[in-house]
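Those protein sequences? They're chains G and V, same order as listed.
Count along the first sequence starting at 1, add 802, and that's the number in our numbering.
Count along the second sequence starting at 1, add 166, and that's the number in our numbering.
We put the beta carbon where it would ideally sit given N, CA and C, even for glycine.
Worksheet for the structure shown next.
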Amino acid sequence: MIVELGHFALILAFFVALVQCAIPILGLYARDERLFKVTEAGAPVLFALIGFSFLALVYAHVASDFSVVNVFENSHSAKPLLYKISGVWGNHEGSMLLWVLILALFGAAVWLFGANLPLDLRATVLGVQAAISATFIIFIVATSNPFLRIAQAPAEGNGLNPILQDPALAIHPPLLYVGYVGFSMAFSFAIAALILGRVDSAWARWVRPWTLAAWIFLTVGIGVGSWWAYYTLGWGGWWFWDPVENASLMPWLAGTALLHSAIVMEKRDSLKAWTILLAILTFSLSLLGTFLVRSGVITSVHSFASDPARGIFILAIVAVFTAGGFALFAWRASSLATGSTFSLVSRESTLVLNNLLLSVCCGIVLVGTFYPIALDAFTGDKITVGAPFFNSTVVWIFMPLLLAMPFGMFLAWKRGDPKDAGHRLWPAAVVAFVAGTAAVVAGGGLKVALAITLGAWVLAGSVWELLWRAKFLSVPVAETVRRLLSMRRAQFAATLGHIGLAVAVIGVAGASAWVSERLLVMKPGESADIAGYTVTFKEVFERPGPNYAELAGAFDLKRTGGSQIGTVVASKRRYEAPPQATKQAGISVRPGGDVYVVLGDEAEGGAYQVKMYYHPFVRWIWGGSAIMFLAGLISLLDRRLRIGLPQGARKASITSAPAAAE
Amino acid sequence: MRNRLLALLAALFLALPFGPAFAVDPAEQLLDTKLEARARDISAGLRCLVCQNQSIDDSDAPLARDLRLIVRQQLQKGQSDGQVIDYVVDRYGEFVLLKPRLHLNTLLLWLAPLLLIAGGIVLASRIVRRLPEKSDAPAPLSAEEQKELEKLLTPPPVKS
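Here it is as structure tokens:
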């Protein structure tokens, strides 16, 4: 019964969304505020309906109601509760429902927090959101309905793929989706701006927090995915340039560019048309990503053919919204007033360069991801575009971006002095040189040394920027500390974000360059050395799990010739439903890197295959993502963004002035 | 049906290989460490044909193992890296290369970075150069904003 109610609520939500997107069009013609209010009232209703529908599906999964096809195919009664819940979005139908739930959540957020938006803008934004909602709900109901029943309910379900039964993968999809779907806000604001023909720095001030919120979730979502891959796949790989990964990287790159161009628009009232275009582009790439993952066109040709309705439906959605957005842009962009000017050497110009390079990176990922499909479709030639292609193209475009970053932070708005910025940056240059030299001495090779140099350059440049702004060395230390503490949050956050990126870049370069590996056949009692550590195979023992049987190997870890550090346990799990085996790597996090042990198959005479790795710097990659996430969060808490209106900011600075004077 | 679902599930998150990933078997390794290192390098650039975007070095599929053995056999025969790769491509096609070679049909792929940069520079230079011609004056206020401003500027009526 609850499942049917959920099904019904979803269909009802479709009609609410339909009304919600049709009414503001009327409202714009009739100039009737009451019509806008109707649209607005629809936002919480839509959220409540989809929310109920989603909870109904969660209920069906938690209660193991195998008369529901979706539950039967993806769940099992013996599964731990966490994975019964995460199993809801661990499949196509449920994850699409999560997608529209998050979309409705953002709509409700506009309704809740958008009180300071002009009513017509608010209604138009919600109208565009509702159009996206309606399209995806009808997609779910027509091609991917999670509420279908089986007439004769089976006693037990098929179970969830064991590799998805993992805490990181339980939260990975919701995080990614908040990112993906969050960019729909930027899209809706862009479309509304084009329709209303009104865009100014206040618009950018409203759009930026939404974009930032989406961006931080996408950042941490990608980070969690990469971390999961690292400890799950048995050799410590963390990025594969896989089409599905690229699907999340493209909106991230475009979204990063959008964040930066929105700053120029907000602060300098410039780059308006470009910012609008990027907003449309970013969400289009999110949709394209959804198409890539959901249609199965990438996975293999036959899975696409087995259910072409889905793929074609999503492709149509992508085409309509992307083409519609661009057509509207082409038609209306000229109505956007141009803003203030800037010279070639200025912070604006470095942000244009940032946008240029990020867009090129994004473009290359796009071309590389779709080229094999397009080539196959047009000529029948089958080629592969894999990691080596992206490593030899995207990575090189990213380097000048890193080189320019500290200059951008030190250049003034409107007209900067390159000599001045250069002089101020010498401490960063020294640090970069030392780091680069160290990388060469350690045998990193040209590309790695260059990446480490640039990573250190950005890291030191960012830290130095903070100190420089706090007048370090020219005023007493206590004064510097006071200035650091009273720095505007958004300012501090921007620099912290760059520090996060620098840390991740150093991590990526270091982890690829200095990984060491050993493949062995070991008997209990035997030892092996890796990167200054001695690993001793102690014993093999069996461990019961909630829905699997586990064979674990214990390894003692110590510094070579030194004292005992601890025990690392690597294991193999055998799941019954579905019957599948997984390997759990044993990882010991050491200051310089991870010691990573994998237990393999049994060899002759009680011996086992053992793989050992030393992954230096690898924690820097996720540490950097975490810092970027934190930076975005701090920026979101900046008072100006919360208040959202210029007057508010002025008031705030007046009230804080006496405090500063004390 | 279930296979398709599993494929979707895998594709759902990262489309990474699942199951035990124990690619290179210790027994496969060549005793000559230099030759083995070359074999690993070559393997990292060859695709496992039955996997999703995995190199034969990372895959534990039987076919990947066969390919790894072929690479090592060829190296032991004294072939150069290029000859070994040609040997594999002759048998399995261009599809096996993770980094496609420059041919007529991959021309656009390899030119894409250059074309994108060129296009981007043209666009960016238009943005940067065009702007100084425009005036510095901010956009005029809309009627609504004007009204708002007047409301703010008008002093509140003094209570008597």
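### Task
Rank 1235(G), 1000(G) and 879(G) by C-alpha distance to the C-alpha of residue 922(G) and give the top, closest one.
Here residue 922(G) refers to the residue found at position 120 of the first sequence. Looking at the Cα atoms, 1000(G) is the closest of the given residues.
#### Entry: Helix, strand or coil at residue 1042(G) according to DSSP, with G and I counted as helix
Taking the first residue of the first sequence as 1, we reach residue 1042(G) at position 240. Coil at residue 1042(G), not helix or strand.
### Query
At a CB-CB cut-off below 9 Å, which residues of chain G make contact with residue 321(V)?
Numbered from its first residue, the second sequence carries residue 321(V) at position 155. In chain order: nothing, as chain G lies at least about 17 Å away.
### Task
Taking C-beta pairs closer than 7 Å, name the residues in chain V that residue 1161(G) reaches, listed in chain order.
The residue you call residue 1161(G) lines up with position 359 of the first sequence. By Cβ distance, chain V contributes 286.
### Query
Residues of chain G with CB under 7 Å from residue 283(V), in chain order?
For the purposes of this step, residue 283(V) is identified with residue 117 of the second sequence, where counting begins at 1. 1162, listed in chain order.
#### Entry: Status (buried if at least 16 other CB within 10 Å, exposed otherwise) for residue 356(V)
A question about residue 356(V) goes unanswered here, because the residues of chain V that appear run from 167 up to 326.
### Query
For residue 1384(G), which three-state DSSP category applies?
Against the first sequence, residue 1384(G) aligns to sequence position 582. Residue 1384(G): strand per DSSP, three-state reduction.
### Query
Cβ atoms of residue 1020(G) and residue 1050(G): under 8 Å apart, would you say?
Start at 1 with the first residue of the first sequence, and residue 1050(G) comes out as number 248. Start at 1 with the first residue of the first sequence, and residue 1020(G) comes out as number 218. Taking 8 Å as the Cβ cut-off, residue 1050(G) and residue 1020(G) qualify as a contacting pair.
### Query
Which same chain residues, not among the five before or five after residue 861(G), have their C-beta less than 7 Å away from its C-beta?
Along the first sequence, read from residue 1 onward, the residue named residue 861(G) stands at position 59. If we look at residue 861(G) and ignore the five residues flanking it on each side, its Cβ neighbours are 804.
### Message
So within the stretch 1133-1195 of chain G, which uninterrupted alpha helix (DSSP H) runs reach at least 4 residues, ignoring any that extend past its ends?
### Response
Taking 4 residues as the minimum length, the alpha helix (DSSP H) runs contained wholly in the stretch 1133-1195 of chain G are 1149-1181 and 1189-1193, in order along the chain.
### Extent of the continuous beta strand (DSSP E) run through residue 1345(G)
Working through the first sequence from its first residue, we reach residue 1345(G) at position 543. Here the beta strand (DSSP E) through residue 1345(G) covers 1335-1346.
### Query
Hey, is residue 266(V)'s beta-carbon within less than 8 Å of any beta-carbon in chain G?
Walking along the second sequence from the start, residue 266(V) turns up at place 100. Yes, its Cβ sits closer than 8 Å to a Cβ of chain G.
#### Entry: Own chain partners of residue 1115(G) with C-beta closer than 8 Å, once the 5 adjacent residues on each side are dropped
Mapped onto the first sequence, residue 1115(G) falls at position 313. Once the five neighbours on either side are set aside, the close Cβ partners of residue 1115(G) are 941, 944 and 945.
### Message
Using a 10 Å radius around the Cβ and a threshold of 16 neighbouring Cβ atoms, would you call residue 269(V) buried or exposed?
### Response
Here the question's residue 269(V) lines up with position 103 in the second sequence. Exposed, because fewer than 16 other Cβ atoms sit within 10 Å of the Cβ of residue 269(V).
### Message
Pairs of beta-carbons, one from the stretch 905-917 of chain G and one from the stretch 929-938 of chain G, closer than 8 Å: are there three or more?
### Response
yes
### Contact set for residue 809(G): own chain, Cβ-Cβ below 6 Å, skip 5 residues either direction
For the purposes of this step, residue 809(G) is taken as the residue at position 7 of the first sequence. Within the same chain, residue 809(G) has close Cβ partners 949.
### Query
Which residues, taken in chain order from the stretch 1160-1184 of chain G, show a beta carbon closer than 8 Å to some beta carbon of chain V?
Those would be 1161, 1162, 1165, 1166, 1169, 1170, 1173, 1177, 1181, 1183 and 1184, in chain order.
### Query
Would you call residue 316(V) buried or exposed, if buried means 16 or more other Cβ atoms sit within 10 Å of its Cβ?
As a position in the second sequence, residue 316(V) is number 150, starting the count at 1. Classification for residue 316(V): exposed.
### Query
Given residue 1413(G), which residues of its chain have a CB within under 6 Å of its CB, disregarding the five upstream and five downstream residues?
Reading the first sequence from its first residue, position 611 is the one you call residue 1413(G). Once the five neighbours on either side are set aside, the close Cβ partners of residue 1413(G) are 1321 and 1400.
### Query
residue 1189(G) versus chain V: which residues are under 7 Å apart at the beta carbon?
Along the first sequence, read from residue 1 onward, the residue named residue 1189(G) stands at position 387. The contacting residues are 264.
### Cβ pair residue 1233(G), residue 1315(G) closer than 8 Å
Counting from 1 along the first sequence, the entry for residue 1233(G) is found at position 431. Counting from 1 along the first sequence, the entry for residue 1315(G) is found at position 513. The Cβ-Cβ distance between residue 1233(G) and residue 1315(G) does not fall below 8 Å.
### Query
Going straight from the alpha carbon of residue 835(G) to that of residue 1284(G), what length do you get?
On the first sequence, position 33 is the one that residue 835(G) refers to. On the first sequence, position 482 is the one that residue 1284(G) refers to. Each residue's Cα considered, the two are about 49 Å apart.
### Message
Is the separation between the beta-carbon of residue 1227(G) and that of residue 1426(G) shorter than 8 Å?
### Response
Along the first sequence, read from residue 1 onward, the residue named residue 1227(G) stands at position 425. Along the first sequence, read from residue 1 onward, the residue named residue 1426(G) stands at position 624. Not in contact: residue 1227(G) and residue 1426(G) (Cβ atoms no closer than 8 Å).
### Task
Determine the closest residue to residue 234(V) out of 249(V), 206(V) and 259(V), with distance taken between C-alpha atoms.
For the purposes of this step, residue 234(V) is identified with residue 68 of the second sequence, where counting begins at 1. Residue 234(V) has its Cα closest to that of 206(V), out of 249(V), 206(V) and 259(V).
#### Entry: Reference residue 282(V); option with closest CA among 1291(G), 1170(G) and 1013(G)
Mapped onto the second sequence, residue 282(V) falls at position 116. Minimum Cα distance to residue 282(V) is reached at 1170(G).
### Query
Whose Cβ in chain V lies nearer than 7 Å to the Cβ of residue 1039(G)?
Along the first sequence, read from residue 1 onward, the residue named residue 1039(G) stands at position 237. Under the 7 Å cutoff, chain V gives 224.
### Task
Check whether the Cβ of residue 257(V) lies closer than 8 Å to any Cβ atom in chain G.
The count along the second sequence starts at 1 and reaches residue 257(V) at position 91. No, residue 257(V) does not count as interfacial toward chain G.
### Task
Look at the alpha carbon of residue 1421(G) and the alpha carbon of residue 258(V), and state the distance between them as a whole number of angstroms.
As a first step, residue 1421(G) must be located in the first sequence, where it is residue number 619. As a first step, residue 258(V) must be located in the second sequence, where it is residue number 92. Their Cα atoms are separated by approximately 38 Å.
### Task
Select from 1245(G), 828(G) and 899(G) the residue whose C-alpha is nearest the C-alpha of residue 763(G).
For residue 763(G) there is no data in the structure shown, the boundaries of chain G being 803 and 1464.
### Query
Hey, is residue 309(V)'s beta-carbon within less than 8 Å of any beta-carbon in chain G?
Position 143 of the second sequence, counted from the start, is the residue given in the question as residue 309(V). By the rule that beta-carbons nearer than 8 Å mark a contact, residue 309(V) does not touch chain G.
#### Entry: Interface positions of the stretch 1041-1061 of chain G facing chain V (Cβ-Cβ less than 7 Å), listed along the chain
Taking 7 Å as the Cβ-Cβ cut-off against chain V, the residues of the stretch 1041-1061 of chain G that qualify are 1042, 1044, 1045, 1046 and 1047.
### Task
Answer yes or no: does any C-beta atom of chain B fall closer than 8 Å to that of residue 1297(G)?
Here chain B cannot be found, since the structure's protein chains are G and V.
### Task
Would you please verify whether the beta carbon of residue 213(V) is less than 8 Å from any beta carbon of chain G?
Numbered from 1 along the second sequence, position 47 holds the residue referred to as residue 213(V). Output row for residue 213(V): interface = yes.
### Task
Locate the beta strand (DSSP E) running through residue 1417(G), then write down its first and last residues.
Position 615 of the first sequence, counting from 1, holds the residue named residue 1417(G). Run containing residue 1417(G): 1410-1418, per the beta strand (DSSP E) assignment.
### Query
Using the rule of at least 16 other Cβ atoms within 10 Å of the residue's Cβ for burial, across every protein chain shown, is residue 863(G) buried or exposed?
The count along the first sequence starts at 1 and reaches residue 863(G) at position 61. Buried is the call here.
### Task
From the DSSP output, in three-state form, read off residue 1369(G) for me.
The sequence position of residue 1369(G) within the first sequence is 567, counting from 1. Strand, per DSSP.
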